[in-house]
Amino acid sequence: MPKADAINAVPVQAPVPWSVAFAVSWGSLRRRFLRSLITMVGVVLGIAFLAYMLVNDNIVNALVALRNDTLNVILQKNGVDIFSGKGTDTMMLMLIGLSLFTCLVGIINAMLMSVTERIKEIGTLKCLGAQDAFIVKTFFIEASLQGVMGTVLGVALGLLVGLLVNTFAYGRFVWSAFPAFLVVKSVVVSLVIGSLMSVLAAIAPAYWAARKQPVEAMRVEE
Amino acid sequence: MSADVIIRVEGVTKVYTMGEEKVHALRGITLDIVRGTYVSIMGPSGSGKSTLFNMIGGLDRPSDGEVIMEGFRFGELSSGQMAWIRCHKVGFIFQSFNLIPSMTALDNVAIARIFSGLTPAQARRDAAGSLEQVGLGNRMDHLPSELSGGQQQRVAIARAIVNRPEVILADEPTGNLDLRTGEDIINLLGKMKMDLNITVISATHDKKMLSASDVVVWISDGAISRVAQRDEIKIDIGTIDGKTLA
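Spelled out as structure tokens, the structure:
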């Protein structure tokens with residue numbers, strides 16, 4: 019038996035580049051396309067709600083500012099308080115918050131399930147020499163991708179619905195007073211909130227996945 | 040003792056605590072495994088066979104005693120160093136193949152090579168070579184779901200040898216395969232042992248494994264009940280099965 023008195027003789031496994039982790043994550047997402055889609059739909063709806071409310075608020079406020087008598091009648095018919103000039107109230111903000119929270123829990127739940135399903139796969143990768151950091155990377159990327167893609171779609175949907183609903187209700191007034199800068203700001207705010215939320219939701223499942231031991235590869239499931 | 044010992048198991052015990060009760064999975068196993076041999080660990084389920092197997096692969100830590108591979112004491116290594124050992128020194132083969140379902144045969148082999156520090160392009164080139172070696176050169180772009188059980192296990196063998204390990208650890212490699220395919224896999228493992236001078240350690244209760252083995256270690260109730268060399272084994276099969284399997 020060869021001598022090896024120094025423990026340092028065994029190198030520490032080298033890290034794997036992000037690009038490889040990305041490829042692995044992308045493969046997993048594609049394979050579980052339907053499941054990923056369902057998770058994503060939750061995010062899409064939550065973020066669409068947020069984006070819609072913000073954009074709607076921008077447009078309604080711009081319309082109130084026009085101080086047009088004909089328009090004010092329509093606004094009041096639609097329940098807008100033209101004196102306070104507020105389309106969105108505290109109740110709505112709470113609803114938005116609640117829907118975002120539901121999204122967050124949805125992503126975490128879906129990812130935890132995905133980890134449980136893939137315990138054996140994680141164990142196998144570790145038997146092949148994967149380190150915790152690689153497992154964290156792959157699950158983090160997978161969850162974030164789902165969330166960010168859902169966010170982008172959600173913002174697009176919310177913006178579209180906001181424009182359609184208001185155009186339908188107020189016609190040409192919307193376009194004569196269109197608050198382009200504020201709408202763009204709302205879109206950006208929705209994108210940032212959605213992406214931050216998705217990334218936040220991805221952290222816990224990724225670390226949970228990495229804690230799985232290589233011996234899990236030996237599991238026999240029937 | 041002059042033989043080149045690659046793995047030494049020294050007085051390994053494993054005690055699991057289940058509630059108030061203590062379960063002795065291993066009761067002091069001592070075993071030397073010689074480089075380039077084909078070792079089968081036999082024993083019924085619950086005998087401690089899998090526990091011993093996991094200890095040798097560094098997948099589980101002993102309660103007492105030590106596992107030493109090429110002079111490296113597993114107990115003294117960090118998790119990063121153990122990952123390096125698993126990557127460079129050991130190739131794992133599993134009962135249910137354990138291929139990553141979203142990756143092609145080529146990528147399943149290449150990922151092991153990437154972990155060893157190569158770029159994806161270099162890794163794929165080596166992976167292709169390994170797949171050729173196990174006779175799957177024409178199935179590289181197939182997903183595991185498009186391959187038969189035997190072919191999947193061949194991919195797993197290609198993955199196990201791609202980093203040129205010293206040891207292959209095979210956990211019931213024929214457990215999910217039919218008789219003929221199982222034999223093919225055993226022969227392939229034997230060929231890898233010869234061609235690449237790899238030490239093959241297999242946990243099994245498949246008697247077909249016996250004919251390929253240089254050494255058979257029987258485990259029962261957490262202890263080694265018997266160790267038999269190749270010559271003694273054949274006689275055994277004759278008396279157990281009433282026919283020659285070699």
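As they're listed, the protein sequences go chains A and B. Note that the working numbering has the first sequence beginning at 19, numbered continuously upward. Note that the working numbering has the second sequence beginning at 40, numbered continuously upward. Beta carbons: idealized from backbone N, C-alpha and C, even for Gly. Just so we're clear, the structure is a prediction, and the values are computed from it rather than from any experiment.
For residue i: DSSP bridge partner residues
i         : result
Lys53(B)  : Leu65(B)
Glu105(B) : Glu49(B)
Tyr77(B)  : Val239(B)
Val255(B) : Ser79(B), Ala267(B)
Asp71(B)  : Arg47(B)
Glu60(B)  : Met57(B)
Ala262(B) : Ser259(B)
Residue-level contact to chain B via CB, residue i, 7 Å cutoff
i         : result
Cys121(A) : no
Gly60(A)  : no
Gln241(A) : This structure leaves residue 241(A) out entirely; chain A is present only between 19 and 240.
Gln94(A)  : no
Ala32(A)  : yes
Arg49(A)  : yes
Ala148(A) : yes
CB contact check: residue i to chain A, cutoff 7 Å
i         : result
Phe136(B) : no
Leu170(B) : no
Asp99(B)  : yes
Leu145(B) : no
Arg125(B) : yes
Phe113(B) : no
Gln161(B) : no
Ile196(B) : no
Gly75(B)  : no
Ala17(B)  : Because chain B in this structure spans residues 40 to 285, residue 17(B) falls outside the shown range and cannot be described.
Leu116(B) : yes
Ala122(B) : yes
Ile237(B) : no
Gly296(B) : The shown model of chain B, from 40 to 285, leaves out residue 296(B), and the question about it has no answer.
Asn215(B) : no
Ile139(B) : yes
Asn226(B) : no
Thr56(B)  : no
For residue i, the nearest candidate out of the options (CA to CA)
i         : options                                    : result
Val192(A) : Gly60(A), Val233(A), Pro29(A), Ile92(A)    : Ile92(A)
Ala267(B) : Ile207(B), Gln161(B), Val78(B)             : Val78(B)
Asn184(A) : Tyr70(A), Gly212(A), Asp87(A), Met236(A)   : Tyr70(A)
Val129(B) : Gly104(B), Leu98(B), Thr158(B), Asn137(B)  : Leu98(B)
Val51(B)  : Leu65(B), Met57(B), Asp43(B), Ser141(B)    : Leu65(B)
Gly82(B)  : Asn137(B), Ala262(B), Asp270(B), Arg269(B) : Ala262(B)
Ser117(A) : Val61(A), Ala187(A), Ala128(A), Ala235(A)  : Val61(A)
Per-residue burial, residue i [other beta carbons within 10 Å of its own, 16 or more giving buried]
i         : result
Glu59(B)  : exposed
Gly281(B) : Low confidence applies here, because Gly281(B) scores a pLDDT of 47, under 50, leaving its location unreliable; read the following figure in that light. Its Cβ having fewer than 16 others within 10 Å, Gly281(B) is exposed.
Met40(B)  : Note that Met40(B) has pLDDT 47, beneath the 50 cutoff, so the model's placement of it is unreliable and the number below is only indicative. Under this definition Met40(B) is an exposed residue.
Asp245(B) : buried
Asn147(B) : buried
Trp36(A)  : exposed
Gln94(A)  : exposed
Next on the checklist: Quick check on the DSSP output: what are the complete beta strand (DSSP E) runs of length 3 or more inside the region 179-218 of chain B, in order along the chain?
Outcome noted: List check, beta strand (DSSP E) in window: 206-210.
Along the chain, which unbroken stretches of the alpha helix (DSSP H) at least 4 residues long are found entirely within the region 89-157 of chain B?
-> DSSP runs (the alpha helix (DSSP H)) wholly in the region 89-157 of chain B: 118-127, 144-154.
Restricting to runs no shorter than 3 residues, where is the beta strand (DSSP E) found entirely within the region 124-207 of chain A? The region 124-207 of chain A contains no whole beta strand (DSSP E) run of 3 or more residues.
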